[in-house]
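Trainee: Before I ask anything, here is the structure I am working with.
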Ligand SMILES: Cc1cc2nc3c(=O)[nH]c(=O)nc-3n(C[C@H](O)[C@H](O)[C@H](O)COP(=O)(O)OP(=O)(O)OC[C@H]3O[C@@H](n4cnc5c(N)ncnc54)[C@H](O)[C@@H]3O)c2cc1C
């Protein structure tokens with residue numbers, strides 16, 4: 007009994023003492039969630055912060071690259087929100103978001119398919135999961151198999167049947183791409199979202215959101231004192247003693263840091279692969295289960311550059327014949343192509359679905375050859391497009407700092423809130439806080455979800471010190 011009383015007094019004194027200081031906070035990762043957390047802390051006068059970032063740049067899965075006088079996005083590209091979130095609040099009055107051209111064409115055998123079939127295929131992608139026959143099914147894959155079979159049965163002609171048969175892989179990859187799942191048999195059907203935004207950053211790049219958070223845009227003179235708190239090329243390899251007062255952090259270059267709180271923001275892919283080696287003591291069993299059971303998928307983008315502007319706008323879909331894919335089988339993962347609105351000399355290809363990560367392992371030369379073939383087969387016959395001159399491509403799944411693109415809800419269940427749960431030290435202090443897109447209860451897999459998660463975790467620390 008005496009020991010219990012002593013411990014209670016000890017922890018009360020400890021917390022009061024601790025709350026008197028400007029606590030030290032280490033943020034692991036300078037992506038959208040890490041920058042959001044840091045800026046919220048700074049605005050609330052928590053200045054003793056360090057952001058440790060493994061890459062040689064900030065932004066994480068936001069990667070805007072300057073091409074000519076505008077930016078292309080190798081990572082997050084479209085504002086996918088519903089205008090009720092933190093990103094929208096930040097940029098709504100800046101006049102930089104622009105509606106995207108939503109025209110689309112489906113090309114098969116070098117020719118555009120007719121409007122009736124085109125609309126049927128796209129309507130299927132949008133609403134296949136509403137079909138009665140999917141009511142008791144768990145995965146997108148199961149629902150696809152049933153509804154695709156019905157679609158074939160309803161076909162009105164041999165020509166339509168041939169088109170539907172050819173479209174099978176493309177449709178599967180499309181569904182996979184929308185859900186980011188890479189494997190539609192693993193994605194929970196109920197999590198499939200029809201919502202797709204058509205707002206883009208009009209050549210400013212999604213990085214603008216980072217600049218707005220850091221108050222570098224629109225008026226650089228108002229910027230927050232954040233640059234000297236960001237440490238690049240610092241990959242965190244150990245986080246020790248999270249149950250204790252002081253947490254010890256080590257990076258791969260041998261640097262060591264101490265902190266009262268750590269906000270951990272890496273991708274779910276990184277957590278899956280590295281949580282055992284990073285956290286000492288290990289994470290609690292229910293956190294590990296949440297990490298294992300949550301889905302993390304991938305996609306690839308290839309930007310194709312031309313000498314001249316393309317005489318085509320909007321989105322293009324290419325539906326392949328089997329023999330078209332003999333040379334470059336990975337082209338089957340192409341979901342769509344978008345002509346860059348600010349720079350119509352660039353065609354942005356989006357690849358998804360099963361096997362998409364193979365593209366990340368190919369050489370630049372192989373991918374370039376594949377793009378020349380793609381253009382010659384799908385675009386040139388209809389649009390008279392010349393040969394591409396170069397490419398720019400992504401490799402998110404092979405980069406050890408990401409190991410994929412985005413989280414999704416797997417058939418094993420929804421674990422976003424469990425992923426977000428804070429690890430508390432023995433004395434009651436929030437010790438390791440988890441932010442990042444995968445921790446958002448409903449805006450997971452988006453930039454606005456990541457930003458809100460960073461604000462949420464910073465607020466937990468602020469509230470802790472504001473509570474008497
Ligand atoms: C190709 C692609 C297209 C996308 N399209 C869209 C879109 O159109 N719209 C949309 O809203 N979202 C999109 N997204 C998703 C969106 O970009 C992400 O959800 C969001 O940027 C994730 O932010 P985050 O802070 O959670 O994680 P991250 O951006 O991954 O930030 C985590 C940071 O941690 C760093 N890190 C990793 N390991 C360590 C370590 N051990 N030590 C230190 N640092 C480490 C990483 O380098 C990274 O900078 C897309 C993503 C990709 C990749």
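Residue numbers (the working numbering): 7 to 474.
Glycine is no exception: its CB is placed at the ideal position from the N, C-alpha and C atoms.
DSSP on residue 241, reduced to helix/strand/coil?
Mentor: coil
Trainee: Drop a sphere of 10 angstroms on the beta-carbon of residue 255, count the other beta-carbons inside from all chains shown, and report buried for 16 or more, exposed for fewer.
Mentor: Buried, since its Cβ has 16 or more Cβ neighbours within 10 Å.
Trainee: Kindly examine ligand 1 and report whether one of its heavy atoms sits closer than 7 Å to the Cβ of residue 343.
Mentor: Ligand 1 never approaches residue 343 closely enough for any of its heavy atoms to be under 7 Å from the residue's Cβ.
Trainee: Just the Cα atoms here: how many angstroms apart are residue 350 and residue 164?
Mentor: 37 Å
Trainee: If residue 62 sits next to residue 239, beta carbons under 8 Å apart, how far is it from one beta carbon to the other, in whole angstroms?
Mentor: 5 Å
Trainee: Can you tell me where the beta strand (DSSP E) with residue 399 in it begins and where it stops?
Mentor: Taken as a continuous stretch (DSSP letters only), the beta strand (DSSP E) holding residue 399 covers 396–399.
Trainee: Jot down the residue ranges of each uninterrupted beta strand (DSSP E) in the region 367–417, minimum 3 residues, whole runs only, in chain order.
Mentor: 396–399, 412–414
Trainee: Excluding the 5 residues flanking residue 159 on each side, which residues of the same chain have their C-beta closer than 6 Å to its C-beta?
Mentor: If you ignore the 5 residues before and after residue 159, its C-beta comes within less than 6 Å of no other C-beta in its own chain.
Trainee: At the level of alpha carbons, what is the spacing between residue 465 and residue 304?
Mentor: Their backbone Cα atoms lie some 30 Å apart in a straight line.
Trainee: Give a yes or no on whether the C-beta atoms belonging to residue 395 and residue 313 are separated by under 8 Å.
Mentor: Contact: yes.
Trainee: Could you please give the first and the last residue of the uninterrupted alpha helix (DSSP H) stretch that includes residue 214?
Mentor: 213–219
Trainee: Would you say residue 216 touches ligand 1, meaning its beta carbon is less than 7 Å from a heavy atom?
Mentor: no
Trainee: Measure the Cβ-Cβ separation of residue 145 and residue 362 and say whether it is below 8 Å.
Mentor: Taking the C-beta atoms as reference points, residue 362 is found no nearer than 8 Å to residue 145.
Trainee: Cβ-heavy atom distance between residue 240 and ligand 1 below 7 Å?
Mentor: In terms of side-chain proximity, the C-beta atom of residue 240 is found nearer than 7 Å to a non-hydrogen atom of ligand 1.
Trainee: Give the straight-line distance between the Cα atoms of residue 193 and residue 228, rounded to the nearest whole angstrom.
Mentor: Between the alpha carbons of residue 193 and residue 228 lies a distance of about 44 Å.
Trainee: Enumerate in chain order the residues of its own chain whose CB-to-CB distance from residue 461 is below 8 Å, with the five nearest sequence positions on each side excluded.
Mentor: 42, 43, 46, 92
Trainee: For residue 407, collect the residues of the same chain with a Cβ closer than 6 Å to its Cβ; drop the 5 residues on either side in sequence, then sort them by chain order.
Mentor: 60, 61
Trainee: Looking only at its own chain, which residues have a Cβ that is under 6 Å from the Cβ of residue 463, when we skip the five neighbours before and after it?
Mentor: 43, 269, 439, 441
Trainee: Going by the C-beta, is residue 480 closer than 7 Å to any heavy atom of ligand 1?
Mentor: Any answer about residue 480 is impossible in this case: the structure gives the chain only from 7 up to 474.
Trainee: DSSP on residue 59, reduced to helix/strand/coil?
Mentor: coil
Trainee: Taking only runs of the beta strand (DSSP E) that begin and end inside the region 70–155, which ones reach a length of at least 3 residues, in chain order?
Mentor: 70–73, 76–79, 110–114
Trainee: Beta strand (DSSP E) containing residue 306: first to last residue?
Mentor: 306–311
Trainee: Taking 6 Å as the limit between beta carbons, can you name the residues of its chain near residue 334, skipping five residues before and five after?
Mentor: 376, 379
Trainee: Is it the case that the Cβ atoms of residue 253 and residue 245 are separated by a distance below 8 Å?
Mentor: yes
Trainee: What residue from 360, 430, 323, 370 has the CA that sits closest to residue 353's CA?
Mentor: 323
Trainee: Taking 8 Å as the limit between beta carbons, can you name the residues of its chain near residue 89, skipping five residues before and five after?
Mentor: 98
Trainee: Per the contact definition of three or more C-beta pairs closer than 8 Å, is the region 257–264 in contact with the region 279–298?
Mentor: no
Trainee: In chain order, what residues of the same chain lie with their CB nearer than 6 Å to the CB of residue 180, ignoring the 5 residues before and after it?
Mentor: 131, 341
Trainee: Assuming contact is defined by CB atoms lying nearer than 8 Å, are residue 54 and residue 39 in contact in what I supplied?
Mentor: no
Trainee: Any heavy atom of ligand 1 closer than 7 Å to the CB of residue 407?
Mentor: yes
Trainee: Taking all protein chains shown into account, do 16 or more other C-beta atoms lie within 10 angstroms of the C-beta of residue 129, making it buried, or fewer, making it exposed?
Mentor: Of the residues assessed, residue 129 falls on the exposed side of the cut-off, its CB having fewer than 16 other CB atoms within 10 angstroms.
Trainee: Could you spell out the range, first to last residue, of the beta strand (DSSP E) harbouring residue 265?
Mentor: For residue 265, the uninterrupted beta strand (DSSP E) run begins and ends at 262–265, by DSSP.
Trainee: Quick check on DSSP: helix, strand or coil for residue 39?
Mentor: helix
Trainee: Within its chain, find whatever has a CB closer than 7 Å to the CB of residue 15; leave out the 5 residues flanking it on each side and keep chain order.
Mentor: In this prediction, residue 15 has a pLDDT of 45, which is less than 50 and means its spatial position is unreliable; nothing more can be read from the coordinates.
Trainee: Could one say the Cβ of residue 156 lies closer than 8 Å to chain B's Cβ atoms, at least one of them?
Mentor: Among the chains in the structure shown there is no chain B, since it carries only a single protein chain.
Trainee: Taking only the alpha-carbon atoms, compute the straight-line gap between residue 283 and residue 277 and give it to the nearest angstrom.
Mentor: Residue 283 and residue 277: Cα-Cα distance of roughly 10 Å.
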